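One structure below.
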Amino acid sequence: MISHEHALRQAIVDTCRWLNTSGLNQGTSGNVSVRHNDGFLISPSATPYEMMQPEMVAHMDVAQRDGSYDGPKPPSTEWRFHRDIFAARPDVGAIVHAHSDYATALAIAHKSIPPCHYMVTAFGGHDIRCAPYARFGTQALSGHAVEALKGRMGCLLANHGMIALGHSLEQAKGYATELEALARQYWLSLQVGGPKLLTDAELEEVAEAMHEYGLALVR
Ligand SMILES: [Zn+2]
173 MISHEHALRQ AIVDTCRWLN TSGLNQGTSG NVSVRHNDGF LISPSATPYE MMQPEMVAHM
233 DVAQRDGSYD GPKPPSTEWR FHRDIFAARP DVGAIVHAHS DYATALAIAH KSIPPCHYMV
293 TAFGGHDIRC APYARFGTQA LSGHAVEALK GRMGCLLANH GMIALGHSLE QAKGYATELE
353 ALARQYWLSL QVGGPKLLTD AELEEVAEAM HEYGLALVR
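Here the sequence shown stands for residues 173 to 391, numbered as in the working numbering.
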């Protein structure tokens, strides 16, 4: 029988491969994690996705501060923000990070996504924030990411990429796909004179309707 942990490890490998086949990512720049026991399972560092096997996925405790891990390969260089998001957000069960083109293009311009489309509210508020720049893999980047994700299921990282969260891995994949779509649609609207933003009243009405109809990206 396949254990629950093995199934989670396989799901991380499958999600890494999906990041590239879906066009959300290129190379090995994306990384994926799932909460497990007192810690989390996270994709290994610098491993081509087609070579990645479930046993290469690393396990880390949320409480560790020194990068210690279990596994044959080191975790993704972005383990700090994965750890800190799991620590700060008990509602989060999975994290997907990618350098998708349109989200990254906006992040390069340090642009948050304003309420240009009603689906922005599915991320938990009236915008999808862009976290300030800090070098990849640093504690500073992790702090910026946790701050930008307050009350949200996704954010942009300046000059870098995006993070999508979920209660489950399937939900995090859904938010990653939706975040890239919103980034593309906002970017396109900027080419034709810029968006007309939804008002606070219109956004409140959307939030109520989403609640009423159960319309979230929950899976
Ligand atoms: Zn990255």
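Virtual Cβ for every residue (Gly too), placed ideally from N, Cα, C.
Since the model is a prediction, treat every value here as computed from it, not as a measurement.
Inset, instruction - Can you check DSSP and say which residues form a bridge with Cys302? - result: By 1-based counting over the sequence shown, the position of residue 302 is 130. In the DSSP output, where bridge partners are listed per residue, Cys302 has Leu328.
Legend entry - Identity of the residue in Gly296, Thr219, Ile300, Asn192 nearest Leu278 by Cα: Translated into positions along the sequence shown, residue 278 becomes position 106. The candidate whose alpha carbon is nearest that of Leu278 is Ile300.
Legend entry - Heavy atom of ligand 1 within 7 Å of Ser314 beta-carbon: The residue you call residue 314 lines up with position 142 of the sequence shown. Every heavy atom of ligand 1 is 7 Å or more from the Cβ of Ser314, so no.
Inset, instruction - May I ask you to check if the CB of His339 is nearer than 7 Å to at least one heavy atom of ligand 1? - result: Within the sequence shown, residue 339 is the residue found at index 167, counting from 1. Every heavy atom of ligand 1 is 7 Å or more from the Cβ of His339, so no.
Inset, instruction - Could you name the residues of the same chain whose beta carbon sits closer than 8 Å to that of Val390, not counting the 5 residues immediately before and after it, in chain order? - result: Position 218 of the sequence shown holds residue 390. Unreliable placement is indicated for Val390, whose pLDDT of 45 sits below 50; the coordinate value is still reported in the next sentence. Excluding residues within five positions, the ones whose Cβ falls inside 8 Å are His339, Gln343.
Inset, instruction - Buried or exposed for Ser240, please, with buried defined as at least 16 other CB atoms from any protein chain shown within 10 angstroms of its CB. - result: As a first step, residue 240 is located in the sequence shown; it is residue number 68 there, counting from the start. Exposed, because fewer than 16 other Cβ atoms sit within 10 Å of the Cβ of Ser240.
Legend entry - Option nearest Met224 by Cα separation, candidates Pro246, Arg324, Asp233: To locate residue 224, count along the sequence shown from 1; it is residue 52. Considering only alpha carbons, the answer is Pro246.
Legend entry - First through last residue of the alpha helix (DSSP H) which encompasses Met382: Within the sequence shown, residue 382 is the residue found at index 210, counting from 1. From DSSP, the alpha helix (DSSP H) with Met382 extends over 372 to 385.
Inset, instruction - With a threshold of 7 Å, establish whether the CB of Gly326 neighbours any heavy atom of ligand 1. - result: One-based indexing of the sequence shown puts residue 326 at position 154. No, the beta carbon of Gly326 sits no closer than 7 Å to any heavy atom of ligand 1.
Inset, instruction - State the Cα-Cα distance for the pair Val206 and Ile257, rounded to the nearest angstrom. - result: For the purposes of this step, residue 206 is taken as residue 34 along the sequence shown, with counting starting at 1. For the purposes of this step, residue 257 is taken as residue 85 along the sequence shown, with counting starting at 1. Looking at the two C-alpha atoms, the distance is approximately 11 Å.
Inset, instruction - Verify the contact flag: Ser205, CB atom, against every heavy atom of ligand 1, threshold strictly below 7 Å. - result: As a first step, residue 205 is located in the sequence shown; it is residue number 33 there, counting from the start. Ser205 Cβ: outside cutoff for every heavy atom of ligand 1.
Inset, instruction - Between the Cα of Ala281 and those of Tyr358, Phe295, Leu313, Asn197, spot the shortest distance and give me the residue it belongs to. - result: Stepping through the sequence shown from its first residue, residue 281 is reached at position 109. The option with the nearest alpha carbon to Ala281 is Tyr358.
Inset, instruction - Would you identify the three-state DSSP class for Val318, choosing helix, strand or coil? - result: In the sequence shown, residue 318 corresponds to position 146, counting from 1. Three-state result, Val318: helix.
Legend entry - Simplified DSSP state of Gly333, which is helix, strand or coil: Sequence index remark: in the sequence shown, residue 333 carries index 161 (1-based). In this structure, Gly333 counts as strand in the three-state DSSP scheme.
Inset, instruction - For Ala183, I'd like the list of residues in its chain whose CB is within less than 8 Å of its CB, leaving aside the five on either flank, ordered along the chain. - result: Stepping through the sequence shown from its first residue, residue 183 is reached at position 11. The answer, listed in chain order, is Val206, Leu341.
Legend entry - With 16 other Cβ atoms within 10 Å as the buried cut-off, status of Leu313: Here residue 313 corresponds to residue number 141 of the sequence shown, with the count starting at 1. Per the 10 Å Cβ criterion, buried.
Inset, instruction - Report yes if the CB atom of Ala348 is closer than 8 Å to the CB atom of Ala330, and no otherwise. - result: Within the sequence shown, residue 348 is the residue found at index 176, counting from 1. Within the sequence shown, residue 330 is the residue found at index 158, counting from 1. In this structure, Ala330 does not lie closer than 8 Å to Ala348 by Cβ.
Inset, instruction - Closer than 7 Å by C-beta to Leu180: which residues in its own chain qualify, once you throw out the five before and the five after it? Chain order, please. - result: To locate residue 180, count along the sequence shown from 1; it is residue 8. So the qualifying residues of the chain are Val206, His208, Leu213.
Inset, instruction - State yes or no: is the C-beta of Glu352 nearer than 7 Å to some heavy atom of ligand 1? - result: What you label residue 352 is simply residue 180 of the sequence shown in a count that begins at 1. Because no heavy atom of ligand 1 lies under 7 Å away, the Cβ of Glu352 does not count as near it: no.
Legend entry - Length of the line joining the Cα atoms of His176 and Phe308: One-based indexing of the sequence shown puts residue 176 at position 4. One-based indexing of the sequence shown puts residue 308 at position 136. Near 31 Å, if we compare the C-alpha coordinates of Phe308 and His176.
Inset, instruction - Take the Cβ of Ile335 as the centre, count every other Cβ of all protein chains shown within 10 Å, and call the residue buried at 16 or more, exposed below. - result: Locating residue 335 in the sequence shown gives position 163, where the first residue counts as 1. By the 10 Å Cβ count, Ile335 comes out buried.
Inset, instruction - Kindly list the residues whose CB is nearer than 6 Å to the CB of Ala355, restricted to its own chain and excluding five residues on each side of it in sequence; keep chain order. - result: Walking along the sequence shown from the start, residue 355 turns up at place 183. The residues are Tyr274, Ala275, Leu278.
Legend entry - Thr219 versus Thr249 - alpha carbon distance: Along the sequence shown, read from residue 1 onward, the residue named residue 219 stands at position 47. Along the sequence shown, read from residue 1 onward, the residue named residue 249 stands at position 77. Each residue's Cα considered, the two are about 11 Å apart.
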